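Structure, as structure tokens:
In my numbering, the protein residues as written are 1385 to 2319.
Below is the structure:
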């Protein structure tokens, strides 16, 4: 009877009075059904041997379970030796004689499994060796992962593997979807799905709806499978049916082959307006206004068609290759063109047409605006003249057939021996030119300007002023010379003197004056050399001096639309350019993977990919993308670089450069004691350089720690994780105050803990903790002290001691960063300079803060006598050949290495340069084709 007093069938044996029992019960053949791992659940009762009076010691309280694999479903006999033992089964609950009288059943349930089955089926067998037992129930089963749909891929029922192995299953895309990346999942031993990889996307004309793709409704479309959802048809287009992958254009509107399907349909532009022609001799400048209607496009260009009509009555014909157009005749982007090499006395017709990307698709003729011009004749020769010692009066006759009404005449003249000409204009055909030099020959030319432009110049005529009263005495020349020598630029003084004093002065005196002039010019040139023509001027912004080119961080929350911040600072990347390879971690918002990014016309690079997990809210999406809005504003070799974002399809992703060695704290723990002091200082220098850049942008990190520093394959350290970052106000000494929120106590400055006021000075405190982490190879700051103990200890003046083998100067720099008064802490720029000095002078890192008191005080000071020794001393001996091949073979040549790198240094700054040469050494390593890990 069971617990409900219902009769039930059971197999039982109770031969406890006889020794050497060997009773067997075997099942029929059980098909495996493809399972590799099978579970056996047995329910049984067992009587306590002590409750059986007079039973000899042969009574047992256990039994054995076996199995035998076979492809034969009809075996009548199996040898005992052929069975494989599964286990010896013992009861957790046994019953007694009293229980039998009370009809109380104590049922035991045990589950065992067998793995790596390979044949068609198996037999189970149970062996009794002398127990009083009843086998009540036997259930044989296997586990499978149920049918599931994930990322639009369907995964079938899958039987679990043997020995806890994961079974990889390839999914198939649901209806109306296609593979973006082969969908895969793993079926675990307990029947659960794990690690989804890849996904399917809805085909064009369909959008995702839970676990299937539904067609786009009329009036909407989806052009690409990479698009997330169906979109409303763009202007001047429509879709009357479901499943539209693009919208058809309305009548009179078109879409070019290269236009994206999301672009509105457009039409050809209207005719250009307000054409203007300006004739200049045998050239004409044509200008016009853009079409009133561009057709809705921004790719309007212009074509010029030219025809000429000779004045002899012959038929008009194309202008041919003899006429030249500047910049070109067809495909003009500007509404202006210069046409040159026209023939005189010829009628020209210019047709200007506007076209855009859909003009060729329109069946209507292109509209053109026409300009007619006639190249003008030349002005007749001078008819009369009158001259004096300082003036000449001219008269001329206009052209016979002017191209329109004559507006004015242009007179050009110059001295025959000097080609510097002067241009005068008059509306009359008579002009008196005054202010001329006596006894000097001048050349004159005249042309007319009409409504259609300028005509051609008439022939040259030479006229000479009279010699009456001509006086070019040497004294006049000397006066001019000294006036210009002291009050004009030297080049003008020389040219004026030569022009005005070329006559009446001896060659010897002339030569002496020229020497004096050039001496002056050398002086002027020297003064000019000291001035920097490209000197940048400082600007004042918000009450602060700001250098041109400097940038200030803009917090994404200042945007009314946070999505606009993403568009402003992060580049959108097509998801098809990204290939996800493996999961490397998990973040606050979803998985972090590594993969490759291949952008058009760029080489493929490794990247890290943060994805936003499914089911996110709009706030989570904004918070997730805000980090990209922050990173996208930074461009520095020691700040993690943002490659771009994916926001137009799911999942939303942030793409950054891939840092092969992961976080700095983990990396240091893994390589404990394996780096030189110089290498560690180089890592700290890179972090300080990145923080200086952030500080200069008025940006506070708030969570600077070794765990948030990433290391690439070249050991370059880069600041990352901007989740707690905040912006400073315009005053660089201002603080950002927060309400609540968690802060990393062990890395945070006292004023930030007590008052939640964060500044760049509080980041300096955190940087001192990072220095301690680097020198201790990732040790936990303050060890096992609680946060409250840390706060109390710091307030009482306790500071972290120097790590093992830490130089005194580095520990002192840490202590400077941990000054209680934030105004007394160094700036990041000062920290970078300090670390640069230590790198250049390795001897300063020799004294250790915890050096042994038995260290030999007579150890000689570090010194070098050659470039090779110096490179060996700073652990850069592998670059000897670079220095030697570049000509740096002596210590003196290394001293002046920066002079070769900085070619824009002025001569008078040599003394200053000799003082700052060491600071420029690292920059010059690039010139020598050396890439140290600190870059």
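The beta-carbon is built from N, C-alpha and C at its ideal position, and this holds for glycine as well.
Being a predicted model, the structure only gives us computed values, none of them experimental.
- Helix, strand or coil at residue 2258 [DSSP, three-state]: Sequence index remark: in the chain shown, residue 2258 carries index 874 (1-based). Correct three-state label for residue 2258: coil.
- Message: Does the structure place the segment 1964-1982 close enough to the segment 2052-2059 that three or more beta carbon pairs sit under 8 Å?
- Response: Short answer: they don't touch.
- Can you say whether residue 2072 is buried or exposed, counting buried as having 16 or more other CB atoms within 10 angstroms of its CB? To locate residue 2072, count along the chain shown from 1; it is residue 688. Label assigned to residue 2072: buried.
- Message: Please list the terminal residues of the continuous alpha helix (DSSP H) segment that includes residue 2006.
- Response: Numbered from 1 along the chain shown, position 622 holds the residue referred to as residue 2006. 2002-2015 is the span of the alpha helix (DSSP H), which, as asked, contains residue 2006.
- Message: For the structure I just gave you, are there three or more beta carbon pairs, one from the segment 1541-1553 and one from the segment 1462-1473, closer than 8 Å?
- Response: Too few Cβ pairs lie closer than 8 Å, so no.
- Inter-stretch contact (C-beta, 8 Å, three-pair minimum) for the segment 1584-1603 and the segment 1549-1567: By the C-beta criterion, the segment 1584-1603 is judged to be in contact with the segment 1549-1567, since at least 3 inter-stretch pairs fall below 8 Å.
- Item | Option in 2043, 1613, 1619 with minimal Cα separation from residue 1627 | Position 243 of the chain shown, counting from 1, holds the residue named residue 1627. The shortest C-alpha separation from residue 1627 is found at 1613.
- Counterpart residues of residue 2191 in DSSP-defined beta bridges: Along the chain shown, read from residue 1 onward, the residue named residue 2191 stands at position 807. Note: residue 2191 sits in a beta bridge opposite 2232.
- Pick out whichever of 1776, 1645, 2149, 1963 has its Cα sitting closest to the Cα of residue 1605. For the purposes of this step, residue 1605 is identified with residue 221 of the chain shown, where counting begins at 1. Residue 1605 has its Cα closest to that of 1645, out of 1776, 1645, 2149, 1963.
- Item | Nearest-angstrom Cβ-Cβ length linking residue 2050 and residue 2024, presumed shorter than 8 Å | By 1-based counting over the chain shown, the position of residue 2050 is 666. By 1-based counting over the chain shown, the position of residue 2024 is 640. Going by Cβ atoms, the distance from residue 2050 to residue 2024 rounds to 16 Å, so no, they are not a contact pair.
- Message: Considering only their Cβ atoms, is the gap separating residue 1708 from residue 1683 smaller than 7 Å?
- Response: Here the question's residue 1683 lines up with position 299 in the chain shown. Here the question's residue 1708 lines up with position 324 in the chain shown. No, these two residues do not count as a Cβ contact at 7 Å.
- Message: Could you tell me the alpha carbon to alpha carbon distance between residue 1424 and residue 1525, rounded to whole angstroms?
- Response: Taking the chain shown and counting its residues from 1, one reaches residue 1424 at position 40. Taking the chain shown and counting its residues from 1, one reaches residue 1525 at position 141. If you take the alpha carbons of residue 1424 and residue 1525, they lie about 7 Å apart.
- Message: Judging by CA-CA distance, which residue of 2209, 1578, 1430, 1937 is the nearest neighbour of residue 1520?
- Response: As a first step, residue 1520 is located in the chain shown; it is residue number 136 there, counting from the start. Of the candidates 2209, 1578, 1430, 1937, the one whose C-alpha sits nearest the C-alpha of residue 1520 is 1430.
- Task: Measure the alpha-carbon distance for residue 1401 versus residue 1503 and round it to whole angstroms.
- Result: Within the chain shown, the letter at position 17 stands for residue 1401. Within the chain shown, the letter at position 119 stands for residue 1503. Each residue's Cα considered, the two are about 40 Å apart.
- If residue 2189 sits next to residue 2232, beta carbons under 8 Å apart, how far is it from one beta carbon to the other, in whole angstroms? Taking the chain shown and counting its residues from 1, the one referred to as residue 2189 is at position 805. Taking the chain shown and counting its residues from 1, the one referred to as residue 2232 is at position 848. The Cβ separation is near 6 Å, so the contact holds.
- Message: According to DSSP, simplified to helix, strand and coil, what is residue 2042?
- Response: For the purposes of this step, residue 2042 is identified with residue 658 of the chain shown, where counting begins at 1. DSSP places residue 2042 in coil when its eight states are reduced to three.
- With DSSP as the reference, label residue 2063 as helix, strand or coil. Taking the first residue of the chain shown as 1, we reach residue 2063 at position 679. Correct three-state label for residue 2063: helix.
- Query: Given that a residue counts as buried once 16 or more other Cβ atoms are within 10 Å of its Cβ, and exposed if not, what is residue 2191?
  - Reply: For this step, residue 2191 is matched to residue 807 along the chain shown. Classification for residue 2191: buried.
- Item | Pair within 7 Å by beta-carbon distance, residue 2216 and residue 2076 | Within the chain shown, residue 2216 is the residue found at index 832, counting from 1. Within the chain shown, residue 2076 is the residue found at index 692, counting from 1. The answer is yes: Cβ separation under 7 Å.
- Query: Using CA coordinates, which residue listed in 2214, 2063, 2211 is at the minimum distance from residue 2258?
  - Reply: Mapped onto the chain shown, residue 2258 falls at position 874. With distances taken between Cα atoms, residue 2258 lies closest to 2063.
- Identify which residue in 2007, 1974, 1965, 1970 has its Cα closest to the Cα of residue 1941. Position 557 of the chain shown, counting from 1, holds the residue named residue 1941. Cα-wise, what sits closest to residue 1941 is 2007.
- Tell me, please, which residues DSSP counts as bridged to residue 2072. As a working note, residue 2072 is residue 688 in the chain shown. For residue 2072, which the question treats as bridged, DSSP gives no partner whatsoever.
- Item | N- and C-terminal bounds of the alpha helix (DSSP H) containing residue 2179 | Reading the chain shown from its first residue, position 795 is the one you call residue 2179. Bounds of the alpha helix (DSSP H) holding residue 2179 are 2171-2179.
- Item | Runs of alpha helix (DSSP H) lying entirely within the segment 1664-1715, each at least 4 residues, in chain order | DSSP runs (the alpha helix (DSSP H)) wholly in the segment 1664-1715: none.
- Query: So, are the CB atoms of residue 2133 and residue 2144 less than 7 Å apart?
  - Reply: Against the chain shown, residue 2133 aligns to sequence position 749. Against the chain shown, residue 2144 aligns to sequence position 760. Not in contact: residue 2133 and residue 2144 (Cβ atoms no closer than 7 Å).
- Message: By DSSP's criteria, residue 1415 is part of a beta bridge. Which residues make up the other side?
- Response: Position 31 of the chain shown holds residue 1415. Residue 1415 pairs with 1505.
- Whose CA, out of 1571, 1497, 2204, lies closest to the CA of residue 1336? In the structure displayed, the chain extends from 1385 to 2319; residue 1336 sits before or after that span and is not available.
- Query: For residue 1844, is the classification buried or exposed, using 16 other Cβ atoms within 10 angstroms of its Cβ as the cut-off for buried?
  - Reply: As a first step, residue 1844 must be located in the chain shown, where it is residue number 460. Burial call: exposed.
- Alpha carbon of residue 2135 to alpha carbon of residue 2149, nearest angstrom: Counting from 1 along the chain shown, the entry for residue 2135 is found at position 751. Counting from 1 along the chain shown, the entry for residue 2149 is found at position 765. About 10 Å.
- Item | Check whether residue 1514 and residue 1405 have beta carbons under 7 Å apart | In the chain shown, counting from the first residue as 1, residue 1514 sits at position 130. In the chain shown, counting from the first residue as 1, residue 1405 sits at position 21. Closer than 7 Å, so yes.
- Residue from 2272, 2013, 2158, 2036 with nearest C-alpha to residue 2106: Against the chain shown, residue 2106 aligns to sequence position 722. It is 2013.
- Item | The alpha helix (DSSP H) enclosing residue 1953, as first and last residue numbers | For the purposes of this step, residue 1953 is taken as residue 569 along the chain shown, with counting starting at 1. Segment 1946-1953, the alpha helix (DSSP H) holding residue 1953.
- Based on Cα-Cα distance, which residue from 2074, 1782, 1680, 2214 lies nearest to residue 1639? Counting from 1 along the chain shown, the entry for residue 1639 is found at position 255. When only C-alpha atoms are compared, the closest one is 1680.
- What is the residue span of the beta strand (DSSP E) that residue 2152 lies within? For this step, residue 2152 is matched to residue 768 along the chain shown. Counted as a single uninterrupted DSSP element, the stretch harbouring residue 2152 is not any beta strand (DSSP E) but the alpha helix (DSSP H) occupying residues 2144-2159.
- residue 2022 vs residue 2095 beta-carbon contact at 7 Å: Taking the first residue of the chain shown as position 1, residue 2022 is located at position 638. Taking the first residue of the chain shown as position 1, residue 2095 is located at position 711. Result no, Cβ atoms of residue 2022 and residue 2095 do not sit closer than 7 Å.
- Query: Do the CB positions of residue 1823 and residue 1851 come within less than 7 Å of each other?
  - Reply: Position 439 of the chain shown holds residue 1823. Position 467 of the chain shown holds residue 1851. Contact flag set, yes.
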